[in-house]
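Student: Quick one: the structure is below, and I'll ask about it shortly.
2 protein chains.
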Amino acid sequence: MSKGRVTVIDIAKAAGVSKSTVSLVLQGSPLVNEGTRSKVNAAMRELGYVYNRGAANLRQTSAKSKIIGVVVNDLTNSFFAELAVGVDMVVQSAGFVQFLSNTSESIDRQREVIASMREHGISGLIVSPARATEAADFKPLVAADIPVVVVVRSLPGAKVSSIVSDNQDGTSAAVEHLASLGHARIAFLGGFPDTAVFEERLAGYMDGMNAAGFSFHEELVVSSAPSRAGGADAIGRAMAMSNRPTAAVCFNDAVAFGVCDGLRARHMEPGRDFAVVGFDDVIEAQTAVPALTTISVDPQSMGRRAAQLLLKQINAGKAEPESVTTAVRLVIRESCGAAQKTGRKMA
Amino acid sequence: MSKGRVTVIDIAKAAGVSKSTVSLVLQGSPLVNEGTRSKVNAAMRELGYVYNRGAANLRQTSAKSKIIGVVVNDLTNSFFAELAVGVDMVVQSAGFVQFLSNTSESIDRQREVIASMREHGISGLIVSPARATEAADFKPLVAADIPVVVVVRSLPGAKVSSIVSDNQDGTSAAVEHLASLGHARIAFLGGFPDTAVFEERLAGYMDGMNAAGFSFHEELVVSSAPSRAGGADAIGRAMAMSNRPTAAVCFNDAVAFGVCDGLRARHMEPGRDFAVVGFDDVIEAQTAVPALTTISVDPQSMGRRAAQLLLKQINAGKAEPESVTTAVRLVIRESCGAAQKTGRKMA
DNA sequence: CTGTTAGCGCATTCAC
DNA sequence: GTGAATGCGCTAACAG
Chain A
1 MSKGRVTVID
11 IAKAAGVSKS
21 TVSLVLQGSP
31 LVNEGTRSKV
41 NAAMRELGYV
51 YNRGAANLRQ
61 TSAKSKIIGV
71 VVNDLTNSFF
81 AELAVGVDMV
91 VQSAGFVQFL
101 SNTSESIDRQ
111 REVIASMREH
121 GISGLIVSPA
131 RATEAADFKP
141 LVAADIPVVV
151 VVRSLPGAKV
161 SSIVSDNQDG
171 TSAAVEHLAS
181 LGHARIAFLG
191 GFPDTAVFEE
201 RLAGYMDGMN
211 AAGFSFHEEL
221 VVSSAPSRAG
231 GADAIGRAMA
241 MSNRPTAAVC
251 FNDAVAFGVC
261 DGLRARHMEP
271 GRDFAVVGFD
281 DVIEAQTAVP
291 ALTTISVDPQ
301 SMGRRAAQLL
311 LKQINAGKAE
321 PESVTTAVRL
331 VIRESCGAAQ
341 KTGRKMA
Chain B
1 MSKGRVTVID
11 IAKAAGVSKS
21 TVSLVLQGSP
31 LVNEGTRSKV
41 NAAMRELGYV
51 YNRGAANLRQ
61 TSAKSKIIGV
71 VVNDLTNSFF
81 AELAVGVDMV
91 VQSAGFVQFL
101 SNTSESIDRQ
111 REVIASMREH
121 GISGLIVSPA
131 RATEAADFKP
141 LVAADIPVVV
151 VVRSLPGAKV
161 SSIVSDNQDG
171 TSAAVEHLAS
181 LGHARIAFLG
191 GFPDTAVFEE
201 RLAGYMDGMN
211 AAGFSFHEEL
221 VVSSAPSRAG
231 GADAIGRAMA
241 MSNRPTAAVC
251 FNDAVAFGVC
261 DGLRARHMEP
271 GRDFAVVGFD
281 DVIEAQTAVP
291 ALTTISVDPQ
301 SMGRRAAQLL
311 LKQINAGKAE
321 PESVTTAVRL
331 VIRESCGAAQ
341 KTGRKMA
């Protein structure tokens, strides 16, 4: 029972057939007699046979390894955990398995794990790039015809598919929403200017201000770490200004949390004394601060869509050099004070 | 460049050496001339060679696949996400990659993913078992000499290593703590009685009650879903009792959250009008409700320890049939009202 | 329908 | 030091 690995030849012997017959039942080929099939299956169960995919896709023409790589920049952030869950769902039901790695925003780590994944013969990759990732990083992948889907953060000029939330429209809508509530001095708080996401959301902010007929004041944009602490810091600086804002759209919900913290520390009630809106990057936010308007994108469905897209490309065989950008729906939830307005959907 | 896969033979040709020479440099053998080595490396870079681990460990004696499987019962729960991050850390730096799968508490899913992982030749497995997992489920693994480390939830009589928090001592200490605060009617809220964790924590609760000189009242144990909603439900039922409790230790922090919700809905202030303690299963809790005493275990370090244990066993070669149970440190954080007491460590 | 014959890409003896 | 064989477990063509 413990004498080495049991192989097709063992079970062939036990079932009194030949190896290739076994191979056929393994692949569920209809070319095999029902009686033989069950005999083979019985033998497999008997001997505790386990299929060796390594050997299989060594022989197979290309890398139908049934494994897809997933790398995220911060698994600690529930958004990405949820995303991974979404990916896992469709990946599992398609009979694939998921290589999941966390880069913690380290570009070196990212290179390492991707290299490692390649060595293991992944047949596709879903990646939420670490900061400072360049398009060139995925060059070898596409050259090897390995489909890549970039999520959450768009990548400058990479020839890969991508799924990102509609940052610009979302933020813009948030600003318009605040304007419709009567706010005029609306700040943009949090986030570091070195990411595409920041730029997109900032652009949306400017769009929204424009659309509402307000002029752009650079001072109203105060950047900080995209975290709770960062938010507290940002609101602190905003409130130190001579002409204080009365509302803010935050880079993400972690920042929005921090902003709420900061407001309360100043004896102000978020949503009443100061309106705050944030992108739902950290899903936990949805439950933790109901009195907060947020722009949200469901990470799980985003993950599912990414996986679906990837599988489609894998099955298609040829990786289309075209970059497919799919926007996800954004929804503004209203829950401060009044009745919950049914989510307004966009894009 | 895109003509199939580039193999050792290709780069051997390009470097003007033989395949086995290439193989030697691949393994960093000192038996190869420095000049040749660099020539080979150059050729590898030139042709974009990627090492094929599948082929490699097909040849190698057994499954030194450099891949370890991680399966958790709920990746949506930040605790497990953090755990996975901890695992990933040590796994990555040991040159392994991580197969991560989420079972969503489905025993069938769990069987599937573990089977799938076996097919891919994992050299070890870390698993937080889904509910209703039986010891027998890991029988084939240990029979195949694949080390298994069970985390978070202990498994009845499985011959595998495990790392669990010291549930009993932790809960017991929590009860004693509440007793020292003057509470006498202390409830145990939340959780389903069908898990070992529940039993352990309940046992700790009873220990604590005993130690404090209180008799056990079954009515003070009200079970519910181990979630926020479940907590709200549980406190509702507790407050409906004729002789209300004045404090509670909760199955986990999600429940504790719900309990706080329920208290506030009844115009009571958690920590002041009613003391509540919960296990930190969901890490997010630590930041979201500071005014809550919790019994916590750091999921990341737990993940790291699990990975270390697993790697040790993998390197040891022979999987010890002995079950190694390692308790992690528990710490009670005090933050309701008074100054933060430095964490009291146990076990 | 089933058995036979070749390799997939690599690592491991051995000779040279 | 390096090159020529051999086989890991499996699938792909063919042959029976």
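Protein sequences, first through last, are from chains A and B. Mapping the first sequence onto full-length UniProt numbering, position 10 (from 1) lands on 10, and the numbers just tick up by one. Mapping the second sequence onto full-length UniProt numbering, position 40 (from 1) lands on 40, and the numbers just tick up by one. No residue lacks a Cβ here, since even glycine has one placed at the ideal position from N, Cα and C.
(1) In chain B, what lies closer than 7 Å to residue 88/A by C-beta?
(2) Can you have a look at residue 9/A and say buried or exposed, based on whether 16 or more other CB atoms are within 10 angstroms of its CB?
(3) Excluding the five sequence neighbours on either side, which residues of its own chain have a C-beta within less than 7 Å of the C-beta of residue 52/B, listed in chain order?
(4) Mind checking if residue 133/A is an interface residue toward chain B, Cβ cutoff 7 Å exclusive?
(5) Mark residue 267/A as exposed unless 16 or more other C-beta atoms lie within 10 angstroms of its C-beta, in which case mark it buried.
(6) Is residue 317/B near the ligand COA, in the sense that its beta carbon is under 6 Å from a heavy atom of that ligand?
(7) Identify every residue that forms a DSSP beta bridge with residue 274/A.
(8) On the CB-based measure, 16 or more other CB atoms within 10 Å of its CB, does residue 66/A come out buried or exposed?
(9) Please compile the residues from chain B whose C-beta is within a distance smaller than 7 Å of the C-beta of residue 146/A.
(10) Would you mind telling me which residues of chain B sit closer than 7 Å to residue 50/A, beta carbon to beta carbon, in chain order?
(11) Check this for me: beta carbons of residue 47/B and residue 6/B, under 7 Å apart or not?
(12) Using beta carbons (cut-off 7 Å, strictly below), is residue 155/B in contact with chain A?
(13) Using the Cα positions of residue 349/A and residue 294/B, report the straight-line distance between them to the nearest angstrom.
(14) Within a Cβ cutoff of 8 Å, which residues of the same chain sit near residue 226/A, ignoring the five residues on either side of it in sequence?
(15) In chain order, what residues of the same chain lie with their CB nearer than 8 Å to the CB of residue 154/B, ignoring the 5 residues before and after it?
(16) My assumption, with CB atoms under 8 Å, is that residue 98/A sits in contact with residue 101/B. Please give the rounded CB distance.
(17) Run through chain B and tell me which residues come within less than 8 Å of residue 98/A, C-beta to C-beta.
(18) Going by the CB atoms, is the gap between residue 106/B and residue 72/B shorter than 7 Å?
(19) What does DSSP give as the partner residue(s) for residue 348/A in the beta ladder?
(20) Compare the C-beta of residue 93/B with all C-beta atoms of chain A and state if any pair is closer than 7 Å.
(21) Tell me, please, whether the CB atom of residue 47/B is closer than 7 Å to any CB atom in chain A?
(22) Closer than 7 Å, CB to CB, is residue 75/B near chain A or not?
(23) When you compare the CB of residue 53/A with every CB in chain B, is at least one pair closer than 7 Å?
(24) If you follow the beta strand (DSSP E) that residue 102/B is part of, which residue opens it and which one closes it?
(25) Using alpha carbons as the reference points, say which of 278/A, 76/A, 175/A, 244/A lies closest to residue 259/A.
(26) Kindly indicate if chain B contains any beta-carbon less than 7 Å away from that of residue 85/A.
(27) Assuming residue 299/B and residue 124/B form a contact by the criterion Cβ under 8 Å, report the distance between their Cβ atoms to the nearest whole angstrom.
(28) Step through the CB atoms of chain A and report whether any lies within less than 7 Å of the CB of residue 81/B.
(29) If you follow the alpha helix (DSSP H) that residue 21/B is in, where does it begin and where does it stop?
(30) If residue 306/A sits next to residue 113/A, beta carbons under 8 Å apart, how far is it from one beta carbon to the other, in whole angstroms?
(31) Taking Cβ positions, are residue 135/B and residue 156/B nearer each other than 7 Å?
(32) Using 7 Å as the threshold, is the C-beta distance between residue 178/A and residue 275/A below it?
(33) Considering only the alpha carbon of each residue, which of 84/A, 69/A, 208/A, 261/A lies closest to residue 249/A?
(34) Among 28/B, 160/B, 229/B, which one has its Cα closest to the Cα of residue 313/B?
(35) Taking C-beta pairs closer than 9 Å, name the residues in chain A that residue 57/B reaches, listed in chain order.
(36) Taking Cβ positions, are residue 262/B and residue 230/B nearer each other than 7 Å?
Tutor: Looking at the coordinates:
(1) As a working mapping, residue 88/A is identified with position 88 in the first sequence. Taking a Cβ-Cβ cut-off of 7 Å, the neighbours of residue 88/A in chain B comprise 101, 102, given in sequence order.
(2) Here the question's residue 9/A lines up with position 9 in the first sequence. Answer is exposed; the Cβ neighbour count stays below 16.
(3) Within the second sequence, numbered from 1, the residue matching residue 52/B stands at position 52. So the list is empty, once near-sequence residues are dropped.
(4) The residue you call residue 133/A lines up with position 133 of the first sequence. No, residue 133/A does not count as interfacial toward chain B.
(5) For the purposes of this step, residue 267/A is identified with residue 267 of the first sequence, where counting begins at 1. Answer is exposed; the Cβ neighbour count stays below 16.
(6) Summarising the ligand content, the structure contains no ligands, and the ligand COA is consequently not present.
(7) As a first step, residue 274/A is located in the first sequence; it is residue number 274 there, counting from the start. For residue 274/A, DSSP records a beta bridge to 270/A.
(8) Residue 66/A sits at position 66 when you count from the first residue of the first sequence. By the neighbour-count rule (16 or more Cβ atoms within 10 Å), residue 66/A is buried.
(9) Against the first sequence, residue 146/A aligns to sequence position 146. For residue 146/A, no chain B residue has a C-beta closer than 7 Å to its own C-beta; the minimum C-beta separation is roughly 10 Å.
(10) Numbered from 1 along the first sequence, position 50 holds the residue referred to as residue 50/A. Going along chain B in sequence order, the residues near residue 50/A (Cβ under 7 Å) are 118, 119.
(11) To locate residue 47/B, count along the second sequence from 1; it is residue 47. To locate residue 6/B, count along the second sequence from 1; it is residue 6. In contact: residue 47/B and residue 6/B (Cβ atoms closer than 7 Å).
(12) The sequence position of residue 155/B within the second sequence is 155, counting from 1. Judged by the 7 Å Cβ criterion, residue 155/B is not in contact with chain A.
(13) A query on residue 349/A cannot be resolved here, the shown segment of chain A reaching from 1 to 347 and no further.
(14) Position 226 of the first sequence, counted from the start, is the residue given in the question as residue 226/A. The residues are 190, 191, 192, 251, 252, 254, 255, 281.
(15) Here residue 154/B refers to the residue found at position 154 of the second sequence. Counting only Cβ-Cβ distances below 8 Å, and skipping sequence neighbours, we find 162, 164, 196, 197, 200, 325.
(16) Against the first sequence, residue 98/A aligns to sequence position 98. Against the second sequence, residue 101/B aligns to sequence position 101. Their Cβ separation, rounded to whole angstroms, is 6 Å, which keeps residue 98/A and residue 101/B in contact under 8 Å.
(17) Sequence index remark: in the first sequence, residue 98/A carries index 98 (1-based). Under the 8 Å cutoff, chain B gives 99, 100, 101.
(18) In the second sequence, counting from the first residue as 1, residue 72/B sits at position 72. In the second sequence, counting from the first residue as 1, residue 106/B sits at position 106. Not closer than 7 Å, so no.
(19) In the structure as shown, chain A begins at 1 and stops at 347. Residue 348/A is therefore absent and cannot be evaluated.
(20) As a working note, residue 93/B is residue 93 in the second sequence. Closer than 7 Å: no.
(21) The residue you call residue 47/B lines up with position 47 of the second sequence. Chain A, which has no Cβ nearer than 7 Å to the Cβ of residue 47/B, makes this no.
(22) Counting from 1 along the second sequence, the entry for residue 75/B is found at position 75. So yes, residue 75/B belongs to the interface.
(23) For the purposes of this step, residue 53/A is identified with residue 53 of the first sequence, where counting begins at 1. Chain B, which has a Cβ nearer than 7 Å to the Cβ of residue 53/A, makes this yes.
(24) One-based indexing of the second sequence puts residue 102/B at position 102. That run of the beta strand (DSSP E) goes 97-102.
(25) Indexing the first sequence from 1 puts residue 259/A at position 259. Nearest C-alpha to residue 259/A: 278/A.
(26) Counting from one through the first sequence, the residue named residue 85/A turns up at place 85. Yes, residue 85/A counts as interfacial toward chain B.
(27) The residue labelled residue 299/B in the question sits at position 299 within the second sequence. The residue labelled residue 124/B in the question sits at position 124 within the second sequence. That pair is no contact at about 19 Å.
(28) Against the second sequence, residue 81/B aligns to sequence position 81. So yes, residue 81/B belongs to the interface.
(29) Counting from 1 along the second sequence, the entry for residue 21/B is found at position 21. That run of the alpha helix (DSSP H) goes 19-26.
(30) The sequence position of residue 306/A within the first sequence is 306, counting from 1. The sequence position of residue 113/A within the first sequence is 113, counting from 1. About 17 Å separates the two Cβ atoms, so there is no contact after all.
(31) Taking the second sequence and counting its residues from 1, the one referred to as residue 135/B is at position 135. Taking the second sequence and counting its residues from 1, the one referred to as residue 156/B is at position 156. The Cβ-Cβ distance between residue 135/B and residue 156/B falls below 7 Å.
(32) The residue you call residue 178/A lines up with position 178 of the first sequence. The residue you call residue 275/A lines up with position 275 of the first sequence. Yes.
(33) Translated into positions along the first sequence, residue 249/A becomes position 249. The closest CA to that of residue 249/A, considering only 84/A, 69/A, 208/A, 261/A, is found on 208/A.
(34) The residue labelled residue 313/B in the question sits at position 313 within the second sequence. Measuring from the Cα of residue 313/B, the nearest candidate turns out to be 160/B.
(35) As a first step, residue 57/B must be located in the second sequence, where it is residue number 57. Chain A residues near residue 57/B: 54.
(36) Taking the second sequence and counting its residues from 1, one reaches residue 262/B at position 262. Taking the second sequence and counting its residues from 1, one reaches residue 230/B at position 230. Not closer than 7 Å, so no.
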